[in-house]
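As they're listed, the protein sequences go chains X and B. Read in the working numbering, the first sequence has 464 at position 464, and its numbers run on one by one without any break. Read in the working numbering, the second sequence has 10736 at position 736, and its numbers run on one by one without any break. Data first, discussion second: the structure below is written as structure tokens.
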Amino acid sequence: MVFATSCELDLQQDPNAVNEDNAIPDFVLNSIQLEYQELFNEIGDDGMQLTRMINQGSAQYEGAYTPTRTNVYWTGAYSTVLADIALLEPLAEAANFQRHLGIAKTIKAMVLMHLVDSYGDVPLSETLQGASNFNPKVDSGESVYAAALEALNQADAHFAATSSAGTPNDYFYARNYGKWRKLVNTLKLRYFLNTRLVKAAESKAGIDALITANNFLQVGDDFIWRFGTTRADPDSRHPRFADQYTSGGGDYQSTFYMWHLTEAKGFDDPRARYYFYRQVTANPTNSEEIECIVQIAPPQYLVANFVYCLPGTRGYWGRDHLDPDGIPPDGLKRTAWGVFPAGGRFDNNSAAPVNNPSLGSQGAGIHPIMLAAYVDFMLAESALFLGTAGSPKDLMLSGIRKHMEYVRSWSLSTSQGSVISGFTADAVYATSVTNYLNFVGNQYDAAPGPGLPSKMYVIGREYWLSLYGNGVESYNLYRRTGEPSIMQPGLEENPGKFPRSFFYPLNYLTTNTNAVQKADQSVQVFWDNNPAGNAWVD
Amino acid sequence: MRKALLLVVALFTMTLSYEVSAQQRVITGKVISEEDGLGLPGATVLVKGTTVGSTTDLDGNYSINVPAGSNVLIFSFVGLEAAEESIGNRSVVNVTLAIDASQLSEVVVTAIGIEREKKALGYGVTSVGSEQLENRPEQDVARVLQGKVPGVNITSTNGMSGSGTNMIIRGYSSATGSNQPLFVVDGVPFNTSTNNTNGFTTGGATTSSRFLDIDPNNIESMSVLKGLSATVLYGDQGRNGVILITTKSGATKRKAAEVTINQSVFSNTAASLPTYGQEYGNGFQQGNGNFFSNFGGRMDIGSTVRHPYAISSVASIREAFPQFWVDGVVGGTPVDYEYRAYEDPSTAFFRTGMVSNTSIQVAGGSDRTGYSASFGYTDDEGFTPGNEMQKYNFGLGINSAISDKLSVNSSFTFAITDLQSPPVNASFGSGPSGGIPSVFAHVLYTPRTVDLAGLPFENPIDKSSVYYRGGNDIVNPNWLVKNYVNTSDVQRFFNSTSLNYDVNDNFSVTYRLGLDTYTETQEARYNKGGPSSSLATQSGYYRTINLKNTIWNQDLIINWKKEFSEKFGMSALIGGNSRYDYFEQVGVASQGQLAFGLFRHSNFTNSSSNDAYSGTGMNRTQEEQRMGVYANVTLDYSNYLFLNLAARNDWTSTVEPENRRILYPGASVSFIPTTAFNWNSSTLNDLKVRLAYGTSAGFPPPYSTRNILTQSARAFDVGGAVTQTHEVANRLGNPDLRPELQQELEFGLEGVMFNNKLRFDFSMYEKNTSDLITDSPIDPATGFSFTQKNIGKLRTRGIEFQATVTPVSTASGFRWESTINWSMYRSVVMELAPGLDQVVISGFTNLGNFAIPGEPFNVIKGIGFERDEQTGQPVILSNGLQKPTADLVILGDPNPRWNGSWINSFSYKGFTLNAMIEYRHKGDVFSNTVTATLARGVTKDPVVDRELTFIMPGVKEDGTPNDIQITASNYFFGGYQGAADEPNIFDGSMIRLRELSLGYELPTGFMAKTPFKRASIALSGSNLWFLALNFPPNMNFDVDVLGTGVGNGLGFDFVTGPSSRRFGGTVTLTF
């Protein structure tokens, strides 16, 4: 009576959770897809900041991209997406769930490429072994890239397999596996383009073959993550909308990027009103709200006549590159995310505060992970440097057109549709697109010329202007081509070393005996053999 | 007090047998205690040279048959000096027993309720009497103990009524396991968890600790067992020290019937608010504006600004207040708003709370049965509006000798603790973490030109919060305290029942059953309409969590003692223990409030079993089972050499079967050289040397050994298509997890000198933990991000010293007694696993307490200043501010170098004056309160002419001295709230007047004319004055704060809130 028996000590099984024996492959695949879009957002955020698509609020690169900062890449990639893929693979193989495997391996390939693009050499062959290996060694970036290509080949085979069981939940393509195969081809194009500097011949052959197969993403095949409007349990809205359209504040848009879309060409980019929502349509005059209007631009801005503080006079209100200042009371004044891609408001000059989650398309935005338009920009670069088929200029113009049309058509499909069509008729938009294409086409022909250092500058700049919401591709583009060059410098005269790759994260360095930190952020990844240092990327 | 400690002893001696012989006479009389002049129940009366004896009854009366030829009686009572009296031809012999002057004869309660004279103990034990606990302004027993026990470090999370308290004895012995001591009340474990369902960044920074349910006025005595040798018999539960509490209900001492009534009233104010400036107002860069900051223009030039509500960016605010437009024309001209110094938050927001405590004690009994009943009621109103705690404590104790051999002792406690408080969440100087409300987040740096008291805080149209910022992006503190409420309602039942059977004089058996069970209902009730970056907060949030915690504890103990000879004796004990803990939590969280002010889940659009703030599920259960057998043998030789051997073997359910069993041995020696070598003199009255060794272990929390999957039933929802997920959990289950092992070696010296004018107790110890169970981060490339592993070693060394001097004690009754407590510890991380450079103990991965091999445990790491290699000066960037380091650096050691307190007591003719001063030496504190106030320019600092420019000390990147002139705004705001954490680190040295009281006991002669036996009155205060020596002076900062909440973190203040200052009086009546 007094003392318990020993079986009462058998209380090791957590009664609050399911365990691995009960894993349901469909649910695991859901995790993989959801986790991937979160990783894309984390990595893309830094890419957008580094390429001046949105503001970075530290004075120097070292302070901005500390080893701690990219902890989330490492956990997001390894112990989250890749670990769940490792959980799924044997279960899916046992059940002949070919399509599950195809989706998982496509995502795996993307994750591996993101890791190499971010760090260079990363662990792969010794990873995901739990207690059997606490200290996985790094593999060369090149071999990890090769593993990604292999994963894409396998994925393609899984999508093509004739016998397959199971019905996966496919957030991207609703089980249209033909579109997945197009995505696989497009990702291979990206693979060959990224490696073109170090393996020109292989890249050319690879891209030639892909062009021959002609099975890239086309209009209507865009690989995007779609958010919803559910605010809670779970919050399924675009994260940038959720940050900004609750009480205002949030991200500062980049002065430089807004300048390019509104002032640089002498006319507005047709997409500007979709990208940005102005809470006020006139520039601030009160230095309590924006300090830089009473300050003089730093010398590095003045010598090259960079836009400083405010682009134009119409209330496009953001921040210059590497502006570390505190936050004045401008949360309901600064320019906010628009309808594309964050699911906010279309700018029809309504100029109202965004502290309301019912505004715009209520967060039902997208992550533009890989768009049909991007294919053309990549092919343009390939044509220019590798001599693959096609005219660089035509491909570029086709990319711009596809993107502009996509921005409009997607935006019209949201709950902002009537607001948009009420403000800009289809024909008006089409005309502005045509005018834009003519202008850029002429610029391309004129390059190199005043302010246009190269033809690749024009391609790169236009690709960059189409990459709003996708910092992953813009950061790779910037390192691979150095374009768009003539980027707005940091406010600090010496911003430190621009990250050609990131420091290894702290959660890897402090736990793994085989981890060795790099000397600094100027270390280049294997496919980047461009000149070292900041000069390449300024 | 000393008498009060005598529990079972009295019972044993009650049943002494005696012989009756033919030729005898009957002697009667009364044994009186000198201490209080009352009869002494349970004292032993022996006829010298015989075995004839008797004991006194409840009133101290005795009757004894003295055989012919005997003429001397020996009167004794544990803890009192024995007396011999010749009978002569008297038939009535009254005797008064005096307190044994030797401190070493003091009786203390040790593990498993064993009472020992202090001289027999080979380890350090500190006793705290009821006089040090009763009628204190604080109702939290842990806070009452602050500074009174050397080696015990107690930190309040903040000064709010009912906020949690952290207690660490003898430094740290576990990195990620709990370091909180075990509370044992009336012999059975008492749960003292801090049920913070949310972490310090998600709203749970100052959650109550459940020793709050103990009524300090119902404590008869307390023993603090600090070392492992003292706590061996508790097994792993005793690894962090044990606080043994005997309640008045649980005391077995029988008392004469009497009723005691206490009534106290105290005021409660915020002690550590900054001194606000009177020169400059809201703005930045000397321009007036609606900033968080106060770096605007001068306030004394009669300027005005447009009314902030009329120029709000939010249309509904502009429109709701026509009174702020000229002639009431909305959209016309805003009225002028005086740009002057308004009432500051110390009075415009904070209040003086009233704390009232009523306590009634009834005690009495017959010669075989005693009882004690108590009732306590406390209404503790905080200095923060909306903060109030009400406590009801009912206690009932019965002890009865059923027969000569069998006795029963049972104590019941029922406690109701109802707390309500505005939420407290970590803030960093520009609002609370994650948009989760915190009452202090914005109030301390209210710009001086903002009329906090006078501005409307509620929009008359929809009752939402309105405030001065253009975007209305911060919640008005006055609105917050009216509309955001956290509650905790606890109902707690506690019972300890012991049955004791004396088989014979040398052999007894005790069975003790303990039940500690409570339910706690926690609610968060946040009305909609408060601006927040969290949509859940903004739309209205209602969370209800029901917690249930139960401990069943059983002990069976067999005692045996034997005197082998005059000189050599032995006592032994073997026992078995079973402890079962069950925890259950069920919660619902709703958001999207419909009708304002109504808190029912049905009034919300969305309900979930996941908390919106932490994202975690609120439905869980946890079970834990411990079984142990233990033995203890004490050998004593000639009253000067004592050897104690103890061991416990435990089986625990939280690890896999192969690691489940563990044996903890311990041993201690006590040697009294003064007795052994007859050194006793008036200079050296008594001296004791002790040496002890003890071991313990720490088991992991339940469910750490196996892998689980994380499941989400609602992972994503697009257009109503809800999808589910299964994913690999971040934690790798470790089937090989073993308990962490602790060993401690302790040396001590106790002495009494100068005719008892000086008493001291010195201890030094070294405690080593190996196989530390660590929430160890692992490379995520393994597929998991952390695991619990047995890695690393932690070593703590420390010294404790307590001395009491009586410098003056005059015949006229003036007495001055002075006690010094002093302690220090050094906890050092000796090693971690190979490859593991650091472990985050508390805080954030980029600013927190870390364990780093070779460094003091808990060092603070964060972003520092990049320093010039040549000069060590901070590097200054072209913006005139320090360059932050790219990597984390060690910023400080939050462990105090040492702590001391000095308690003085003066008594004269019924008057008693007590003063307790505390000092803490060093120990770094990271304070965001500084960031939130000094950096924003609202305090009297910086007392400089802000129109001038400033140059930050340091060198430029080229190594030349910095000459970049910056504005006051940039200097102070950028300097304190810039990219680095380093400027927020301050030395935590602090001096404090912890307690001050003046009491007067009415003379008994006077009392004889009243219906009362005794009456006293006292004025007392706590925390009346303090000074943090190296903080900016006008911050008035109090380092008694713990921003990371109760746990292993130390040295952080995330605008966690001010400390409390209390002052008032108590009346005590006994009849």
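For glycine and all other residues, C-beta sits at the position ideal for the given N, C-alpha and C.
Listed by chain order, chain B residues near residue i by CB distance under 8 Å
i       : result
D251(X) : The premise fails here: D251(X) is roughly 12 Å from chain B at the closest Cβ pair, so nothing lies under 8 Å.
Residue burial classification, residue i (beta-carbon count within 10 angstroms, cutoff 16)
i         : result
W10479(B) : buried
F11006(B) : exposed
D376(X)   : buried
A427(X)   : exposed
T10206(B) : buried
Rounded straight-line distance, which links the Cα of residue j to that of residue i
i         : j         : result
T10819(B) : T10449(B) : 49 Å
S10209(B) : G10587(B) : 20 Å
L10996(B) : E10918(B) : 12 Å
K10861(B) : F10850(B) : 7 Å
G11065(B) : T10358(B) : 12 Å
W259(X)   : V307(X)   : 7 Å
T10960(B) : A59(X)    : 20 Å
V10107(B) : S10221(B) : 11 Å
M487(X)   : F256(X)   : 8 Å
V10509(B) : N10644(B) : 20 Å
G10364(B) : S10590(B) : 52 Å
T10931(B) : F10292(B) : 12 Å
V111(X)   : T75(X)    : 12 Å
S361(X)   : R10492(B) : 51 Å
D251(X)   : D10451(B) : 31 Å
A10697(B) : S10433(B) : 36 Å
A10004(B) : F11054(B) : Here the model assigns A10004(B) a pLDDT of 36, short of 50, so the residue's position is not dependable, and the following value carries that caveat. In a straight line, the C-alpha of A10004(B) is about 44 Å away from that of F11054(B).
S10374(B) : L11069(B) : 14 Å
Cross-chain neighbours of residue i in chain B, by beta carbon under 9 Å
i       : result
V28(X)  : L10709, T10725, H10726, E10727 and V10728
Y173(X) : The contacting residues do not exist; Y173(X) stays about 14 Å from chain B at best.
Residues that residue i contacts on chain X, provided the C-beta gap is smaller than 8 Å
i         : result
Q10625(B) : A4, E8, L9 and L11
E10319(B) : Ordered by position in chain X, no residue passes the 8 Å Cβ test against E10319(B), which lies about 14 Å from the chain.
A10979(B) : S58, A59, G63 and P324
S10878(B) : P298, E492, E493 and N494
Proximal residues of chain X, C-beta to C-beta of residue i below 7 Å
i         : result
Q10591(B) : A232
N10606(B) : A232 and D233
A10098(B) : Going along chain X, no residue has its Cβ under 7 Å from A10098(B), so there is no contact; the nearest lies around 44 Å.
Chain X contact residues for residue i, given Cβ-Cβ distances below 9 Å
i         : result
N10500(B) : Those do not exist, as N10500(B) stays about 15 Å from chain X at its closest Cβ, beyond 9 Å.
Q10285(B) : S287, E288, E291 and V294
Interface partners of residue i on chain B, CB under 7 Å
i       : result
S247(X) : D10473, P10531, S10532, S10533 and Q10538
ask   = On the three-pair Cβ rule with 8 Å, is the region 10144–10155 of chain B touching the region 10898–10911 of chain B?
value = Three or more Cβ pairs drawn from the region 10144–10155 of chain B and the region 10898–10911 of chain B lie within less than 8 Å of each other, which places the two stretches in contact.
ask   = Using 8 Å as the threshold, is the region 378–394 of chain X in touch with the region 324–332 of chain X, meaning 3 or more CB pairs across them?
value = Put simply, the region 378–394 of chain X does not touch the region 324–332 of chain X. Fewer than three CB pairs are less than 8 Å apart.
Complete alpha helix (DSSP H) runs within the region 272–332 of chain X (minimum length 4 residues, chain order) = Positions of the alpha helix (DSSP H) runs, each at least 4 residues long and wholly inside the region 272–332 of chain X, are given as 272–275 and 299–304 in order along the chain.
request  = Could you tell me whether the region 11033–11042 of chain B touches the region 11050–11058 of chain B, where touching means 3 or more Cβ pairs closer than 8 Å?
outcome  = Yes, since at least three Cβ pairs between the region 11033–11042 of chain B and the region 11050–11058 of chain B fall closer than 8 Å, the two stretches touch.
message = I'd like the ranges of any alpha helix (DSSP H) spanning at least 4 consecutive residues and lying wholly in the region 10685–10771 of chain B.
response = For the region 10685–10771 of chain B, not a single whole alpha helix (DSSP H) run of length 4 or above is found.
message = In chain order, what are the residue ranges of uninterrupted alpha helix (DSSP H) at least 4 long that sit wholly in the region 10218–10249 of chain B?
response = Those alpha helix (DSSP H) runs which fall completely within the region 10218–10249 of chain B and span 4+ residues are 10228–10231.
The region 77–90 of chain X contacting the region 121–137 of chain X, beta-carbon criterion three pairs below 8 Å = The way I'd put it, the region 77–90 of chain X does touch the region 121–137 of chain X; three or more beta-carbon pairs between them come closer than 8 Å.
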